[in-house]
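Take the position in the sequence shown, starting the count at 1, then add 80; the result is the number in our numbering.
Below is one structure, written out as structure tokens; comments come after it.
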Amino acid sequence: MMVRKVTKAVFPVAGLGTRFLPATKSVPKEIMTLVDRPLIQYAIDEARAAGITDFIFVTAKGKSALEDYFDHAGELEAKLEADGKHDLLEALRSSNMESGAIAYIRQHKALGLGHAVGCARRLIGDEPFAVLLPDDVIAAEKPCLQQMVEAYAETGGSMVAAMEVPPKRASSYGVLDVAEDMGTMVSVKGMVEKPKPGTAPSNLAVIGRYILAPTVMENLDRITPSAGGELQLTDAIAMELTQGRPVYGYRFRGERFDCGSKAGFLQATVAFGLAREELCDEFEDYLHQIVAMRKAAQ
């Protein structure tokens, strides 16, 4: 079976980030930093590791800082070069995107994830494509999307990243109805978006990494909007099953942080801070002091 290589990725970044107000009044949520890199940089680095060469951002009004972040900073680079600060120079250049590698599309109305992904259809054409949600930051020895691309090369079809969640939390996710569990991979017979408590078909939740067949774009024109007028991406993926095309869930190896929530963002900050060799000792000592002081106060 010849499986077409995945080289394009869609990044839906049009959200208002209301859970992080007032910071997001003027700063796009995707620019908020974990240690010293913005959320969007983690997503870009993961996509690059998976072989993505074409980056498509679905943005909205007020996101110009996001576009500026990926531009070259000639004067700053020259200054770092002259000062011999080569480590900083290398870190800065990792944020550069070459001309033509990145495209920006405006989503004029907030009509759901499915609508945002559909905005990129003309640039996707008839190719398979990845979708990465920057709110989901995944710490993994091998980047999550790279794991998925390697598995996709054997299966084709469409694939979603999946993780096990407690039953009481299933109603916050899209949940897989599993046809066959093959360990790392599961074949899917259905998908339910935010099932009512106690009705979830499994405890395997979909998180923000997808590899999708181009026919999913066509399905976005056929699905029925939700009561709020939003188009659900899971509905368009589930339609692949009714049309006889396979969908797989992939249990990735790594730890996912929901950086769309304040608690998840703080948890990620601690985890990524402790993972940095130059920070871990001092940071860990501080955390121990905080814990000790709280216990003493109790």
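Note that beta-carbon positions come from the ideal geometry of N, C-alpha and C, so glycine has one too.
- Nearest to P326 by C-alpha distance, out of A377, V115, E273 and E260, is E260.
- V296 sits in a helix when the DSSP states are folded into three classes.
- The three-state reading of DSSP puts A355 in coil, since its state is none of H, G, I, E or B.
- The beta carbons of V240 and I317 sit about 7 Å from each other, so the pair counts as a contact at 8 Å.
- Only residues of its own chain outside the window of five on either side were considered, and among them F337 have a CB closer than 7 Å to the CB of Q347, listed in chain order.
- Per DSSP, T87 lies in no alpha helix (DSSP H) segment and is marked neither H nor E.
- Here the alpha carbon of K143 sits roughly 44 Å from the alpha carbon of A377.
- The residue from A89, L321, Y149 and A351 with its alpha-carbon nearest to that of G270 is L321.
- Taking a contact to require three or more Cβ pairs closer than 8 Å, the stretch 237-253 and the stretch 292-312 qualify as touching.
- Contact check for F137 and V93: beta-carbon distance about 6 Å, within the 8 Å limit, so the pair qualifies.
- Each of I218, S267, A130 and K141 was checked against the Cα of R186, and the nearest Cα belongs to K141.
- Proximity of the stretch 210-226 to the stretch 270-279 falls short of the contact definition, fewer than three beta-carbon pairs being nearer than 8 Å.
- Listed in chain order, the non-local C-beta contacts of D257 below 7 Å within the same chain comprise V268, K269, G270, M271, V272, P281 and S282, local neighbours out to five positions each way being set aside.
- Each of P102, T98, R99 and V115 was checked against the Cα of A351, and the nearest Cα belongs to V115.
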